[in-house]
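**Q** Residue 20 is where the sequence shown starts when you use this note's numbering, and the numbers rise one by one after that.
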Amino acid sequence: MATIRVFRHAEGMHNRFVEFRKARDPDLTEEGRQQCRGFAPEFPYMGKVTHLVSSPMRRAINSTLLVCAPVSTRQKIILLPELTEAGLRVSSFGSDPSGLLREFGDKVDLNAVPKQWNRLDPSSQFAYGLEQIEARTAAAREWLMELALAAGEGSHVVVMTHGQTAHSVTDDFEGVTPLKCTCDWHGNLEYRSYRFDFASRKMVETPESRTRRGMAPANTLDEAAKKEIKDVLRRRILERTPEIHELYEAYKL
20 MATIRVFRHA EGMHNRFVEF RKARDPDLTE EGRQQCRGFA PEFPYMGKVT
70 HLVSSPMRRA INSTLLVCAP VSTRQKIILL PELTEAGLRV SSFGSDPSGL
120 LREFGDKVDL NAVPKQWNRL DPSSQFAYGL EQIEARTAAA REWLMELALA
170 AGEGSHVVVM THGQTAHSVT DDFEGVTPLK CTCDWHGNLE YRSYRFDFAS
220 RKMVETPESR TRRGMAPANT LDEAAKKEIK DVLRRRILER TPEIHELYEA
270 YKL
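1. Which of helix, strand or coil does DSSP assign to THR48?
2. Suppose you measure from the CA of ILE97 to the CA of THR22; what does that come to, to the nearest Å?
3. Just tell me which of MET76, PRO89, ALA131 has its CA closest to the CA of SER114.
4. Leaving out five residues on either side along the sequence, give the residues of the same chain with a beta carbon under 8 angstroms from the beta carbon of ALA42.
5. Does the distance from the CB of ALA105 to the CB of ILE152 come in under 8 angstroms?
6. Grouping DSSP H, G and I as helix and E and B as strand, with all else coil, what is MET179?
7. Can you grab the Cα-Cα spacing for the pair MET222 / PRO45, in whole Å?
8. Beta-carbon within less than 6 angstroms of GLN144's beta-carbon, same chain only, minus the 5 sequence neighbours each way: which residues are those?
9. Near SER91, which residues of its chain fall below 7 angstroms by C-beta distance, leaving aside the five closest residues on each side in sequence?
10. Tell me whether LEU274 is buried or exposed, calling it buried when 16 or more other Cβ atoms sit within 10 Å of its Cβ.
11. Where are the beta strand (DSSP E) runs, 3 residues long or more, that stay fully inside the segment 180-247, in chain order?
12. So, does the segment 236-249 touch the segment 50-57, judging by three or more C-beta pairs under 8 angstroms?
13. Which residue wins for smallest C-alpha separation from ALA79, given the options VAL25, LEU107, PHE39?
14. Quick one: what does DSSP say SER73 is sitting in, helix, strand or coil?
15. Quick one: grab the DSSP three-state call for PHE26.
16. Alpha carbon to alpha carbon, what distance is there between ARG35 and PRO226?
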C-alpha cells in the first residue's frame, strides 16, 4: 500500500516579513531554505520516495526541490493546483504558469495546471470560496487516491502543500479547536503520513506518524466533533469570501 507524506512548506517570506503578505506568491526565506537543507538528511524515508507532488506556489515548489533534492534531481515534481493555498492575503495568490516554467523549467510537470489558474475572479475554480475550496480539496484527495492505487505497494508519495489545505485534503481536523478553528498544521516542514482506506475513500494517518507526533495510536476525533469544526470553518469562509474577492480585484496583475 502506498504511503502519502503530507507536508506544510518551509518558512515563507510572508511568514516572517509583514510586507510580503501583500506580495503575490512569495518565495522561501533564507531561513526556510536552510530548514529544507537541514531536514533532508534527517528524513528517514528519502530512499523510498517514488513520487513528488506539490502546490504550484513557489514556496511549496522550492521546499520540495530542497527537501527532496536526491529525488528531484532525477524526476519532475508534479504540480497539482488543487493543493494551492486558501489564505486571506495577496501572498496566497499564485503565479502564471509561464512564469513557473521560466523559473523551474524541466524540474516541474505543469500538465495539470490550467493556463489561467492564477486568475482568481469569483467564477474561477481556484477562487477563494466555500464551494471552490471544498471541491478542489476533495478533487486533490481523489487524485492522490488514484495515484496511490496506480503506484502500488511500497510506494512513497511526498505532497508539499499549505497548512489549511493539508487539513482539508486529508479531511483530518484533529487538534483544531472548534472555537478558534486555527490551523494545527503550521510548523515549518511539519508532515504527517497517511494511507488510503480504499473502501471508505478516506485517508488514515499511520500509527508511525501518530507516534512520532506524540499522539494516541488512533484518531480520537469523532464525526460529530469533526462536523462542528468544519461547520465553523465553512461559516468563516463564507464570511470572508467578499473581502478576499475585493482584495483580488485590487491587487490582480
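Ideal Cβ positions, reconstructed from N, Cα and C, are used throughout, including at glycine.
**A** Taking the coordinates as given:
1. DSSP places THR48 in coil when its eight states are reduced to three.
2. Taking the Cα positions, ILE97 is about 17 angstroms away from THR22.
3. Minimum Cα distance to SER114 is reached at MET76.
4. Closer than 8 angstroms at Cβ, skipping near neighbours: MET32, HIS33, VAL109, SER110.
5. The answer is yes: Cβ separation under 8 angstroms.
6. In the three-state reduction of the DSSP assignment, MET179 falls in the strand class.
7. When rounded, the distance between both Cα atoms is 30 angstroms.
8. Excluding sequence positions up to five before and after GLN144, its CB lies within less than 6 angstroms of the CB of GLN151, all in the same chain and listed in chain order.
9. The answer, listed in chain order, is LEU71, THR83, LEU84, LYS126.
10. Within the shown structure, residues of the chain are numbered from 20 to 272, placing residue 274 beyond reach of any answer.
11. Listed in chain order, the beta strand (DSSP E) runs fully inside the segment 180-247 are 210-216, 221-224, counting runs of at least 3 residues.
12. In this structure the segment 236-249 does not lie against the segment 50-57, because fewer than three pairs of beta carbons, one per stretch, are closer than 8 angstroms.
13. Ranking the options by Cα distance to ALA79, first place goes to VAL25.
14. It is a strand residue.
15. It is a strand residue.
16. Roughly 33 angstroms separates the two Cα atoms.
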